[in-house]
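Trainee: Could you have a look at this structure, given as structure tokens, before my questions?
Number of protein chains: 2
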Amino acid sequence: MAGRVSKPGATVVSRTVALLSAFDEAHPHLTLTELARRADLPLSTAHRLIAELTRLGALARTDSGEYVVGPRMWDVGLLAPVQTDVREVASPFLHDLYAATLATVHLAVLDGTRALYIDRISGKRSVPVVSKIGSRLPWHATGVGKVLMAHAPEDVRKRALSSPLRRITPYTITQPSRLQDQLERILVDGYATTVEEMSLGACSVAVPIRRRDEVVAALGIVVPNLRRDKGRLVAALNVAAHGIGRSLGHQTRPRLTRLPVRR
Amino acid sequence: MAGRVSKPGATVVSRTVALLSAFDEAHPHLTLTELARRADLPLSTAHRLIAELTRLGALARTDSGEYVVGPRMWDVGLLAPVQTDVREVASPFLHDLYAATLATVHLAVLDGTRALYIDRISGKRSVPVVSKIGSRLPWHATGVGKVLMAHAPEDVRKRALSSPLRRITPYTITQPSRLQDQLERILVDGYATTVEEMSLGACSVAVPIRRRDEVVAALGIVVPNLRRDKGRLVAALNVAAHGIGRSLGHQTRPRLTRLPVRR
DNA sequence: CGTAGACTTCCACTGGACGGAAGGACGTAG
DNA sequence: CTACGTCCTTCCGTCCAGTGGAAGTCTACG
Chain X
355 MAGRVSKPGA
365 TVVSRTVALL
375 SAFDEAHPHL
385 TLTELARRAD
395 LPLSTAHRLI
405 AELTRLGALA
415 RTDSGEYVVG
425 PRMWDVGLLA
435 PVQTDVREVA
445 SPFLHDLYAA
455 TLATVHLAVL
465 DGTRALYIDR
475 ISGKRSVPVV
485 SKIGSRLPWH
495 ATGVGKVLMA
505 HAPEDVRKRA
515 LSSPLRRITP
525 YTITQPSRLQ
535 DQLERILVDG
545 YATTVEEMSL
555 GACSVAVPIR
565 RRDEVVAALG
575 IVVPNLRRDK
585 GRLVAALNVA
595 AHGIGRSLGH
605 QTRPRLTRLP
615 VRR
Chain Y
355 MAGRVSKPGA
365 TVVSRTVALL
375 SAFDEAHPHL
385 TLTELARRAD
395 LPLSTAHRLI
405 AELTRLGALA
415 RTDSGEYVVG
425 PRMWDVGLLA
435 PVQTDVREVA
445 SPFLHDLYAA
455 TLATVHLAVL
465 DGTRALYIDR
475 ISGKRSVPVV
485 SKIGSRLPWH
495 ATGVGKVLMA
505 HAPEDVRKRA
515 LSSPLRRITP
525 YTITQPSRLQ
535 DQLERILVDG
545 YATTVEEMSL
555 GACSVAVPIR
565 RRDEVVAALG
575 IVVPNLRRDK
585 GRLVAALNVA
595 AHGIGRSLGH
605 QTRPRLTRLP
615 VRR
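Residue numbers (the numbering used here), protein chains in the order written: chain X, 355 to 617; chain Y, 355 to 617.
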């Protein structure tokens, strides 16, 4: 390219992607300076690239002058085959579950050692929860995360148990040995639970979804407490999870071999 | 840049965006050659850029060698503030409507002269419909489209009525005068209907959603026929639409002034 | 009114981007 | 088996698009 390049080897494409990826859930809008810093680009370079991205609709500007991801990226992003098959097939079942319980319902897959929420239904009367579609939450503090980890390949599980387990609430379990026990228990019981481990006042139950024999996703539900109706919830979850699994069994269409790789 | 440039003025950024935008609903996966052609780039240039985008996770490759939008773009796209406020607020109401009717429920906004579907709920037992989230369908053949156009500014409506109205089924209305009459009728009645105008065997009813007095979106429902329960559906839709409108009234947070601009 | 912080514009230098060409890999028709 | 077509991949000489420091603008604040 030119002049005094600060970072030889950085291509325009990588800079462009870096700018787009600078946004995340905690930072859905950024100022020019923040964007430049997060993408690790000189201000004037960032300014030029951002101006063009904005002109093209890949970024947009709010009234206040901050930048946000543009409508064009929304269009494009929706076309990514991120578990489209599971999501599409599961959708009606999620609605049924929601209708039956009026609690927040989650569909998640494993992404590295975190639970990636690929769908969510939440009502006016549901317990408030932190997850959104696209959120990634720690596996050890969520019902779906524990289920997915319990059924994960051994190396993944080993790595997950040996990496630091952040305490999120006073009830978050951070001892690897206790989690190890829980994971074994989950395989026996067929479901996982959390009790205020992710957020206070929220408990969850989750079960695996299987395509043939392989666990491909997890289905979870968030409620204020588990005392009364854990059994009823597990039953409802299992009905839905089996239904989804059965529907998944049939179809065969072009799809990625592996899970999307982490950044 | 260099050598013999075929298209002086085309920047790397614009080429990158062109490649990403080459995908659409009808073409969610493309071969290298198709991508190059659709983005209007020389094959080798496209190849180089695509290879890097793939390396960065902005694109991905299927088993068969075709390219698809990458998981990274999914992450980014979800952060675009495409009517996030309306969508978030409306979500629980859509579920209620779905639970009450078990029919496909739609939330749409006007995008140029088409209806952009920003949310959708569809069950196992619903009438099959063509729309997906992110779909853009012609205004004159959809319930939500007619509602939005009836309440659109005069210049938009004029332009819509004077542009070609494609026949989609034998029942699609393509005479501007008849549509004009319908639009006036919609303002009086407070709802719009379609009868197999978009797809055979599917009818729809739709009502406007208002923030204060301004129509910001439309809520629609798709059913096999309207004879029996049009009144009941309109009532249910209005309850939900008013609820959404009321909830929208309150909030104030950073948001784009205008609708996302078309490509 | 000076200082600070964020944004915008300018422009001379140069190395990253360009793309034609050539070389594989695969399928299929003769 | 050879020839041809289609698609993908790699190579490399040319050169202009991209770079980023510097200077200018615009608010906001004390």
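The beta-carbon is built from N, C-alpha and C at its ideal position, and this holds for glycine as well.
Is the shortest distance between the beta-carbon of V615 (chain Y) and the beta-carbons of chain X less than 8 Å?
Mentor: Confidence is the limiting factor: at V615 (chain Y) the pLDDT is only 37, short of 50, which leaves the residue's position unreliable, though a coordinate-based value still follows. Judged by the 8 Å Cβ criterion, V615 (chain Y) is in contact with chain X.
Trainee: Counting only Cβ-Cβ distances shorter than 7 Å, please list the residues of the stretch 508-529 of chain X near chain Y, keeping chain order.
Mentor: Here the close residues number zero.
Trainee: When you compare only the Cα positions, how much space is there between P540 (chain Y) and L515 (chain Y)?
Mentor: Note that residue 540 (chain Y) is Ile in the sequence shown here, rather than Pro. Looking at the two C-alpha atoms, the distance is approximately 15 Å.
Trainee: For a minimum of 4 consecutive residues, which ranges assigned as the alpha helix (DSSP H) are wholly contained in the stretch 448-535 of chain Y?
Mentor: The qualifying runs are 497-504 and 508-516.
Trainee: Expressed to the nearest angstrom, what Euclidean distance is found between the alpha-carbon atoms of R511 (chain X) and V569 (chain X)?
Mentor: Their backbone Cα atoms lie some 14 Å apart in a straight line.
Trainee: What residue range does the alpha helix (DSSP H) around V406 (chain X) cover?
Mentor: Correcting the residue type first, residue 406 (chain X) is Glu in the shown sequence and not Val. Here the alpha helix (DSSP H) through E406 (chain X) covers L397 to R409.
Trainee: Let me confirm a value: T496 (chain Y) is counted as buried when at least 16 other C-beta atoms fall within 10 Å, else exposed. Which label applies?
Mentor: The residue in question, T496 (chain Y), is buried, as its Cβ has 16 or more Cβ neighbours within 10 Å.
Trainee: I'd like to confirm the pairing. Which residues does DSSP put opposite D429 (chain X) in its beta bridges?
Mentor: For D429 (chain X), which the question treats as bridged, DSSP gives no partner whatsoever.
Trainee: When the cut-off is 8 Å and only beta carbons count, does L384 (chain Y) lie next to chain X?
Mentor: Chain X contact via Cβ: absent.
Trainee: Where does L436 (chain X) fall in DSSP's three states?
Mentor: In the sequence on display, residue 436 (chain X) carries Val and not Leu. Looking at V436 (chain X) - three-state DSSP - the assignment turns out to be coil, as it is neither helix nor strand.
Trainee: Would DSSP call L602 (chain Y) helix, strand or coil?
Mentor: It is helical.
Trainee: So, do the stretch 421-436 of chain X and the stretch 552-561 of chain X have three or more beta carbon pairs nearer to each other than 8 Å?
Mentor: The stretch 421-436 of chain X, when compared against the stretch 552-561 of chain X, does not touch it at the 8 Å Cβ threshold.
Trainee: Taking C-beta to C-beta, are T473 (chain Y) and L461 (chain Y) nearer than 8 Å?
Mentor: Note on identity: in this sequence residue 473 (chain Y) is Asp, with Thr being the wrong assignment. Yes, the pair counts as a contact, with Cβ atoms nearer than the cut-off.
Trainee: Taking the C-alpha atoms as reference points, what is the distance between D429 (chain X) and G488 (chain X)?
Mentor: Distance between the alpha carbons of D429 (chain X) and G488 (chain X): 15 Å.
Trainee: Check for me: the alpha helix (DSSP H) holding E388 (chain X) runs from which residue to which?
Mentor: Run containing E388 (chain X): L386 to A393, per the alpha helix (DSSP H) assignment.
Trainee: From the DSSP secondary-structure annotation, give me the bridge partner or partners of Y421 (chain Y).
Mentor: Its beta-bridge partners are Y:L384 and Y:R415.
Trainee: Starting from I575 (chain X), follow its DSSP beta bridges and name the residues at the other end.
Mentor: X:V459 and X:V559.
Trainee: Closest to D378 (chain X) by CA distance: which of X:R566, X:R369, X:L389 and X:P482 is it?
Mentor: If we check each option's Cα against that of D378 (chain X), X:L389 comes out closest.
Trainee: Output the boundary residues of the alpha helix (DSSP H) element that contains V549 (chain Y).
Mentor: No alpha helix (DSSP H) holds V549 (chain Y); the beta strand (DSSP E) holding it covers A546 to V549.
Trainee: Could you tell me which of Y:G544, Y:L591 and Y:H596 sits nearest to R564 (chain Y), measuring between CA atoms?
Mentor: Among Y:G544, Y:L591 and Y:H596, the Cα nearest to that of R564 (chain Y) is on Y:H596.
Trainee: Tell me the DSSP secondary structure of R565 (chain Y) in three-state form.
Mentor: Of the three classes helix, strand and coil, the one that applies to R565 (chain Y) here is strand, per DSSP.
Trainee: Rounded to whole angstroms, what's the CA-CA distance from L451 (chain X) to G419 (chain X)? Just pull it up for me.
Mentor: Roughly 42 Å separates the two Cα atoms.
Trainee: Whole-angstrom Cβ separation of V576 (chain X) and Y545 (chain X), contact assumed at under 8 Å?
Mentor: 14 Å between Cβ atoms; not a contact.
Trainee: Please decide whether W428 (chain Y) counts as near chain X, where near means a Cβ-Cβ distance under 8 Å.
Mentor: Yes, W428 (chain Y) lies at the interface with chain X (some Cβ there is under 8 Å from its Cβ).
Trainee: On the DSSP bridge assignment, give the partners of D583 (chain Y) in chain order.
Mentor: Paired residue(s): none; D583 (chain Y) is not in a bridge.
Trainee: Over the uninterrupted alpha helix (DSSP H) stretch that includes A376 (chain X), give me the two end residues.
Mentor: Here A376 (chain X) belongs to no alpha helix (DSSP H), and DSSP marks it neither H nor E.
Trainee: Along chain Y, which residues have their Cβ under 7 Å away from the Cβ of Y452 (chain X)?
Mentor: Here the neighbours are H449.
Trainee: So that I know if they touch, is there some Cβ in chain X lying closer than 8 Å to that of L537 (chain Y)?
Mentor: No, L537 (chain Y) lies away from the interface with chain X (no Cβ there is under 8 Å from its Cβ).
Trainee: Along chain Y, in chain order, which residues have C-beta atoms closer than 7 Å to that of K626 (chain X)?
Mentor: Nothing can be reported for residue 626 (chain X), as the shown portion of chain X is limited to 355 through 617.
Trainee: Give a yes or no on whether the C-beta atoms belonging to V683 (chain X) and P446 (chain X) are separated by under 8 Å.
Mentor: Past the edges of chain X, shown from 355 to 617, lies residue 683 (chain X), and the structure says nothing about it.
Trainee: Using Cβ-Cβ distances below 7 Å, what residues of the stretch 479-509 of chain X are close to chain Y?
Mentor: Result list: I487 and G488.
Trainee: Work out the CA separation of L580 (chain X) and V549 (chain X) for me, nearest whole Å.
Mentor: Spanning the two alpha carbons is a distance of roughly 8 Å.
Trainee: Report the option in Y:E538, Y:I527 and Y:Q534 whose CA atom is closest to the CA atom of L551 (chain Y).
Mentor: For the record, residue 551 (chain Y) in the displayed sequence is Glu; it is not Leu. Of the candidates Y:E538, Y:I527 and Y:Q534, the one whose C-alpha sits nearest the C-alpha of E551 (chain Y) is Y:I527.
Trainee: Relative to the ligand NAP, is the shortest distance from any of its heavy atoms to the C-beta of A444 (chain Y) smaller than 7 Å?
Mentor: Looking at this structure, you won't find the ligand NAP or any other ligand, since it has none at all.
Trainee: Rounded to whole angstroms, what is the Cα-Cα separation between R586 (chain Y) and L448 (chain Y)?
Mentor: So the alpha carbons of these two residues sit roughly 16 Å apart.
Trainee: Per DSSP, what kind of secondary structure is V359 (chain Y) in: helix, strand or coil?
Mentor: Coil at V359 (chain Y), not helix or strand.
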